[in-house]
Structures are given as C-alpha cells and as structure tokens.
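Residue numbers (UniProt numbering): 1 to 151.
Worksheet for the structure shown next.
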C-alpha cells in the first residue's frame, strides 16, 4: 500500500484544516497517511514514505514558520529521489507579495532533494472553507496519487 506523510505548521488552525482535508482525500484513495505537526517531525522520516505533503504557513512578511526552521534546514540535506511531493498552505492575501511564500520555499527545497513535484501547489486565502478551496486540496491529493502510482 502506498504511504504518505503530511506535515503541517499552523498558528490559526487553517493549515491544520488544510492538512486534514488532504489526509482525508489521500485516505479515501487507499493511501496510508501519517499526519504530524512540523515541530514534532524529523525531516529524515520523509525517507520512509512514497508521497510527501508539507503545509506551512507564512509569517508576517515572508518568514517561514519559526517552529519549522530546523525541519526546513534538515530537509535541504536529504536525498528524496524516488519520492513525490506537493506543498499547500493557507495565508492572507493582505500580505500581497508575501502571500504564502513559505509554500514556494518548501517546494523549492523539496525539488532540491531530488523528489518529484507530482501535484500543483495550492495556496488558500485564510480558512479552507469555499467549495473552490476544497476542490483544489482534493485535486492536489488526486494528482499526487495519480502521479506517484503511475510513475
């Protein structure tokens, strides 16, 4: 059975909600999923999964989650060749050019590990409540599974 690791960082709960939606969508497709908070996760654990989803928040003017800085640093030293990934995150469009930049930073870091970007990244404004938001997160899970199993 294919496996997935979903790692999230949250202040408001919005990113945990995004992670829960993605986890549920993956499980609905028969994927065994382990979801955890970023400060409770060792980046080396990612080597044990077929699929990886990171759900970070962006703080203030483009800062990565404080509690995820060690994880982010460790991530950059991993070889995740053969793994697939995507990144999603909630932010606030009020911050304009800084909206969800942590999504881009984690995506770039994962690409540098040799992992395959298998689903389009998703950026959600505030809470994932609209039908459009739910569809985007479900599509991320669907594409990740499709592009992992059929590689």
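Think of the CB as a built atom: it goes at the ideal place given N, C-alpha and C, for glycine as much as any other residue.
Taking 8 Å as the cut-off, the beta carbon of residue 18 is found closer than this to the beta carbon of residue 124. Counting the other CB atoms within 10 Å of its CB gives residue 11 a total below 16, which places it among the exposed residues. In this structure residue 105 does not touch residue 137 by the C-beta definition: roughly 20 Å separates them, more than the 8 Å allowed. Nearest neighbour of residue 2 by Cα position, chosen from 84, 110, 93, 96, turns out to be 84. With a threshold of 16 other beta carbon atoms within 10 Å, residue 82 falls short and is exposed. Check the Cα spacing between residue 7 and each of 24, 38, 32: the tightest is with 38.
Judged by DSSP in its simplified three-state form, residue 116 adopts strand.
In its chain, beyond the 5 residues on either side, 84, 85, 86, 143, 144, 147, 148 have a beta carbon closer than 7 Å to the beta carbon of residue 118. Nearest to residue 127 by alpha-carbon distance, out of 135, 97, 35, 15, is 15. The beta carbon of residue 49 sits closer than 8 Å to the beta carbons of 3, 4, 5, 34, 83 from its chain, once the five residues preceding and following it are set aside; these are given in chain order.
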